[in-house]
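>
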Amino acid sequence: MTTTLASTLDDAALSLLFTGARTHNGWTDEPVTDAQLQQIYALASLGPTSANCSPARFVFVRTPEGKQRLAPALSKGNLDKTMAAPVTVIAAWDRKFYDKLPTLFPHADARSWFTGSPEAAHETAFRNASLQAGYLLLAARAVGLDAGPMSGFDKAKVDAAFFEGTDWTVNFLINLGHGDASKVFGRLPRLPFDEACVLA
Numbered sequence: 332m333t334t335t336l337a338s339t340l341d342d343a344a345l346s347l348l349f350t351g352a353r354t355h356n357g358w359t360d361e362p363v364t365d366a367q368l369q370q371i372y373a374l375a376s377l378g379p380t381s382a383n384c385s386p387a388r389f390v391f392v393r394t395p396e397g398k399q400r401l402a403p404a405l406s407k408g409n410l411d412k413t414m415a416a417p418v419t420v421i422a423a424w425d426r427k428f429y430d431k432l433p434t435l436f437p438h439a440d441a442r443s444w445f446t447g448s449p450e451a452a453h454e455t456a457f458r459n460a461s462l463q464a465g466y467l468l469l470a471a472r473a474v475g476l477d478a479g480p481m482s483g484f485d486k487a488k489v490d491a492a493f494f495e496g497t498d499w500t501v502n503f504l505i506n507l508g509h510g511d512a513s514k515v516f517g518r519l520p521r522l523p524f525d526e527a528c529v530l531a
């Protein structure tokens, strides 16, 4: 039986995801549960990737010990807010994502598309993992959490602290929790359609 989905989201849903959503820099003490993190990943994993390659990997740093491992890699401007956030996601990608393709894309020999071309593997992994991290951010908002994506860290230190001896490498970080509205900055301008888009 086919389920018919609504053709558009209502204004409340659009506000939750986009128009009312903001990047958060401060956090309340309300916790984020492991069940919520599992729900967020389950939603994000459904977003499309090329050949269903799904190269993103996520480390949900939510213990004091985990935060102390992450702290030396953070820039001064990101340290306090990251230590205060209930969860910090290390959004990473797997350099050997193609080893999972026999399971994820079983109807073709997709693994062989990448094993002979490091350039194609890198481009595919980085592009699709970035896309998946964006899905994760929206999934967090969809279940009522706030998010604060960040650069501003030492990539080598994050990789050494969390991914030594693996094929994973960090892309960027996302703080998750219930945001403190008093610490939200004013919304910055966006480019208008005519400056950022071309109709061809």
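Position in the sequence shown (from 1) plus 331 gives the number in the numbering used here. Every residue, glycine too, gets a C-beta built ideally from N, C-alpha and C. Here the structure is a predicted model, which is why all the values come from computation and not from measurement.
In chain order, which continuous runs of the beta strand (DSSP E) of length 3 or greater are located wholly inside the segment 460-519?
477-481, 499-508
> Provide the residue(s) that pair with residue 341 in DSSP beta bridges, ordered along the chain.
Counting from 1 along the sequence shown, the entry for residue 341 is found at position 10. Note: residue 341 sits in no beta bridge, so no partner.
> Is the beta carbon of residue 499 within less than 7 Å of some heavy atom of the ligand MG?
The model depicted lacks the ligand MG and carries no ligand whatsoever.
> Whole angstroms is fine: what's the gap from residue 378's alpha carbon to residue 389's?
Here residue 378 is taken as the residue at index 47 of the sequence shown, counted from 1. Here residue 389 is taken as the residue at index 58 of the sequence shown, counted from 1. Near 15 Å, if we compare the C-alpha coordinates of residue 389 and residue 378.
> Between the beta-carbon of residue 508 and the beta-carbon of residue 476, is there less than 8 Å?
Against the sequence shown, residue 508 aligns to sequence position 177. Against the sequence shown, residue 476 aligns to sequence position 145. Contact flag set, yes.
> Report the rounded CA-to-CA distance for residue 513 versus residue 380, giving the unit in angstroms.
Here residue 513 refers to the residue found at position 182 of the sequence shown. Here residue 380 refers to the residue found at position 49 of the sequence shown. When rounded, the distance between both Cα atoms is 37 Å.
> Counting beta carbon pairs with one atom in the segment 438-449 and one in the segment 406-417, are three or more of them shorter than 8 Å?
They do not touch, by the three-pair rule.
> In whole angstroms, what separates the C-alpha of residue 279 from that of residue 525?
For the chain, the structure presents residues 332 to 531; residue 279 sits outside this window and is missing.
> Count the other CB atoms within 10 Å of the CB of residue 386; is the residue buried (16 or more) or exposed (fewer)?
Here residue 386 is taken as the residue at index 55 of the sequence shown, counted from 1. Burial is judged here by how many other beta carbons sit within 10 angstroms of a residue's own beta carbon; residue 386 has at least 16 and is buried.
> Assuming residue 478 and residue 459 form a contact by the criterion Cβ under 8 Å, report the distance between their Cβ atoms to the nearest whole angstrom.
Taking the first residue of the sequence shown as 1, we reach residue 478 at position 147. Taking the first residue of the sequence shown as 1, we reach residue 459 at position 128. No, residue 478 and residue 459 are not in contact; Cβ-Cβ is about 20 Å, not under 8 Å.
> Pick out whichever of 425, 471, 490, 493 has its Cα sitting closest to the Cα of residue 347.
For this step, residue 347 is matched to residue 16 along the sequence shown. When only C-alpha atoms are compared, the closest one is 471.
> Quick one: grab the DSSP three-state call for residue 456.
The residue you call residue 456 lines up with position 125 of the sequence shown. Three-state DSSP puts residue 456 in a helix.
> As a quick exercise: from 501, 353, 527, 338, pick the residue whose alpha carbon is nearest that of residue 511.
Walking along the sequence shown from the start, residue 511 turns up at place 180. If we check each option's Cα against that of residue 511, 353 comes out closest.
> Just the C-alpha distance for residue 409 and residue 483, rounded to the nearest angstrom, thanks.
Along the sequence shown, read from residue 1 onward, the residue named residue 409 stands at position 78. Along the sequence shown, read from residue 1 onward, the residue named residue 483 stands at position 152. So the two alpha carbons sit approximately 7 Å from each other.
> Could you check where the beta strand (DSSP E) with residue 388 kicks off and where it finishes?
Along the sequence shown, read from residue 1 onward, the residue named residue 388 stands at position 57. Run containing residue 388: 387-392, per the beta strand (DSSP E) assignment.
> Determine whether the beta carbon atoms of residue 395 and residue 488 lie at a separation below 8 Å.
The residue you call residue 395 lines up with position 64 of the sequence shown. The residue you call residue 488 lines up with position 157 of the sequence shown. No.
> So, with DSSP's three-state summary, where would you put residue 430?
Walking along the sequence shown from the start, residue 430 turns up at place 99. Helix at residue 430.
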